[in-house]
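Counting in our numbering, the sequence shown runs from -5 upward without gaps. Don't be surprised by glycine CBs; every beta carbon is placed ideally from N, CA and C. Worksheet: the structure to be examined is printed underneath.
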Amino acid sequence: MSMIKRPLAVMAGLCLSVAALFSPVVAAQDVLRVSAIPDEAPTELLRKFKPLGEYLEQELGMPVQFQPVSDYAGVVEALGAKRLDLAGLGGFTFVQARLRTGDANPIVQREQDEVFTSTFITAREDVTSHADLAGKSFAFGSVSSTSGHLMPRYFMQQDGIEVDSHFSRVGFSGAHDATVAWVESGRVDAGVLNASVWDKLVEDGKVDTSKVRVYQRTPTYYDYNWTVRGDLDPELTERIKQAFLKLDPANPAHKEILDLQRASRFIETRAENYEGIEQAARAAGLLQ
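Take a look at the structure:
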């Protein structure tokens, strides 16, 4: 296994309270402040988090406040400034958060995140490999996305593809679902995204597979995790971790949460699992 995985109106009826990330730090830990990287549309992130947030409220006995952010850097900065307690991060975003804070602590990841992959897609019939895209346009997701930029770029470099000169134009769609839309509409000749998001879009009929197809996948790597700020109370950190680990697919209520998170189950993780991500980022010139 490789080591190298819109302005928004608050949704009506959302039972989780939404707190501003830039509010003062709460003196006593009587609320859990949560965010996640915006790798999909904000409404989709909220929909996916709602049952998980309600579950955490029950398990922890405290309110859970979720605040979407406009970009990946916002989550890293908020963790560093202690305006967040818990964040859903990608592997690269975790590395950035760890370097920014020195003690950001990954506690759990989905089982799938040990062997994560990215999916290269195209709507062109004449493309079967990266070589066929010489002089054509290509889309990544967010600049800070592990599965939508860093690892695909790294693996292409390993295959001898110099991304910035191989393609006629390289764009950043900002999110995985947006990359699919760009490829399907012909805005770019090809793109890459999180394999899990691709599979879900296909399953839900949200992509026309008679037009868009997969032409390659990356090797596996570690990706997403849930990370707490390093100075969070150790007892609370352990309770959060155990709440994730208790989620059981045999329990219908738990299965709803797991399905929305596209998880078979959650497992423990540690910072050392993401050393390969940091090495890849440095090799790709995305970390100095």
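Contacts around E272, its chain only, beta-carbon distance under 6 Å, and the 5 residues preceding and following it disregarded: Indexing the sequence shown from 1 puts residue 272 at position 278. If the five residues before and after E272 are omitted, its C-beta is found closer than 6 Å to the C-beta atoms of V89, all from its own chain and listed in chain order.
T140 to N219 span [Cα, whole Å]: By 1-based counting over the sequence shown, the position of residue 140 is 146. By 1-based counting over the sequence shown, the position of residue 219 is 225. So the two alpha carbons sit approximately 12 Å from each other.
DSSP three-state assignment for I31, whether helix, strand or coil: As a position in the sequence shown, residue 31 is number 37, starting the count at 1. Three-state result, I31: coil.
Straight-line Cα distance separating R256 from L281: As a first step, residue 281 must be located in the sequence shown, where it is residue number 287. As a first step, residue 256 must be located in the sequence shown, where it is residue number 262. Cα atoms of L281 and R256: separation of roughly 29 Å, rounded to the nearest angstrom.
Runs of beta strand (DSSP E) lying entirely within the segment 78 to 153, each at least 3 residues, in chain order: Correct list: 80 to 83, 99 to 104, 112 to 116 and 131 to 134.
Exposure of D79, with buried meaning 16 or more beta-carbon neighbours within 10 Å: As a working note, residue 79 is residue 85 in the sequence shown. Around the beta carbon of D79, 16 or more other beta carbons lie within 10 angstroms, which makes this residue buried.
Reduced DSSP category for N219 - H, G, I as helix; E, B as strand; rest coil: Here residue 219 corresponds to residue number 225 of the sequence shown, with the count starting at 1. Strand.
Three or more C-beta pairs below 8 Å linking the segment 155 to 175 and the segment 187 to 204: Contact between the segment 155 to 175 and the segment 187 to 204 is present: three or more C-beta pairs spanning the two stretches fall below 8 Å.
Per-residue DSSP class, three states only, for N245: On the sequence shown, position 251 is the one that residue 245 refers to. The answer is coil: DSSP assigns N245 none of H, G, I, E or B.
Candidates L254, R264 and D202: closest to K235 by CA position: Position 241 of the sequence shown holds residue 235. The residue with the shortest Cα to Cα distance from K235 is R264.
CA nearest to the CA of A274, picked from P146, G47, D253 and L26: Position 280 of the sequence shown holds residue 274. Measuring from the Cα of A274, the nearest candidate turns out to be P146.
Which of helix, strand or coil DSSP assigns to L26: Against the sequence shown, residue 26 aligns to sequence position 32. Strand.
Own chain, CB closer than 8 Å to R207, minus 5 neighbours either side, in chain order: Sequence index remark: in the sequence shown, residue 207 carries index 213 (1-based). Cβ neighbours of R207 beyond the five flanking positions: I115, T116 and A117.
Identity of the residue in L127, S112 and V137 nearest R163 by Cα: Within the sequence shown, numbered from 1, the residue matching residue 163 stands at position 169. Ranking L127, S112 and V137 by Cα distance to R163 puts L127 first.
Residue burial classification, E266 (beta-carbon count within 10 angstroms, cutoff 16): Position 272 of the sequence shown, counting from 1, holds the residue named residue 266. Around the CB of E266, fewer than 16 other CB atoms lie within 10 Å, so the residue is classed as exposed.
Proximity of T111 and A189 at Cβ, strictly below 7 Å: Along the sequence shown, read from residue 1 onward, the residue named residue 111 stands at position 117. Along the sequence shown, read from residue 1 onward, the residue named residue 189 stands at position 195. Result yes, Cβ atoms of T111 and A189 sit closer than 7 Å.
Distance CB(D227)-CB(Q23) smaller than 7 Å: Against the sequence shown, residue 227 aligns to sequence position 233. Against the sequence shown, residue 23 aligns to sequence position 29. Taking 7 Å as the Cβ cut-off, D227 and Q23 qualify as a contacting pair.
For G199: DSSP bridge partner residues: Stepping through the sequence shown from its first residue, residue 199 is reached at position 205. Residue pairing from DSSP leaves G199 without any beta-bridge partner.
Where G47 falls: helix, strand or coil (DSSP): On the sequence shown, position 53 is the one that residue 47 refers to. Three-state result, G47: helix.
Beta-bridge partners of F60, as assigned by DSSP: In the sequence shown, residue 60 corresponds to position 66, counting from 1. The partner list for F60 (beta bridge, DSSP) reads V28.
Check whether F166 and V201 have beta carbons under 7 Å apart: On the sequence shown, residue 166 is found 172 positions in, with the first residue counted as 1. On the sequence shown, residue 201 is found 207 positions in, with the first residue counted as 1. Annotated as distal: F166 and V201, with beta-carbon spacing of 7 Å or more.
T221 classed as buried or exposed, judged by whether at least 16 other C-beta atoms fall within 10 angstroms: As a first step, residue 221 is located in the sequence shown; it is residue number 227 there, counting from the start. Classification for T221: buried.
Beta-carbon spacing of Y209, V121 below 7 Å: Numbered from its first residue, the sequence shown carries residue 209 at position 215. Numbered from its first residue, the sequence shown carries residue 121 at position 127. Contact check for Y209 against V121 passes: the beta carbons are separated by less than 7 Å.
Three-way DSSP call (helix, strand, coil) for I261 in this model: On the sequence shown, residue 261 is found 267 positions in, with the first residue counted as 1. I261: strand per DSSP, three-state reduction.
Local Cβ density within 10 Å of T87, reported as buried at 16 or more and exposed below that: Locating residue 87 in the sequence shown gives position 93, counting from the first residue. T87 comes out buried.
Where the beta strand (DSSP E) through G165 begins and ends: Here residue 165 refers to the residue found at position 171 of the sequence shown. Residue range R163 to F166 is occupied by the beta strand (DSSP E) that includes G165.
Top-ranked residue by Cα proximity to T95, from H248, L230, A75 and V109: Here residue 95 refers to the residue found at position 101 of the sequence shown. Nearest C-alpha to T95: A75.
7 Å CB neighbourhood of F149 in its chain, flanking five on each side removed: The residue given as residue 149 occupies position 155 in the sequence shown. Only residues of its own chain outside the window of five on either side were considered, and among them T212 and P213 have a CB closer than 7 Å to the CB of F149, listed in chain order.
Proximity of V191 and G185 at Cβ, strictly below 7 Å: In the sequence shown, counting from the first residue as 1, residue 191 sits at position 197. In the sequence shown, counting from the first residue as 1, residue 185 sits at position 191. Contact flag unset, no.
Residues of its chain near T113, where Cβ-Cβ distance is below 7 Å and the 5 sequence neighbours each way are ignored: Position 119 of the sequence shown, counted from the first residue, corresponds to residue 113. The answer, listed in chain order, is V186, L187, A189, W192, V208 and R211.
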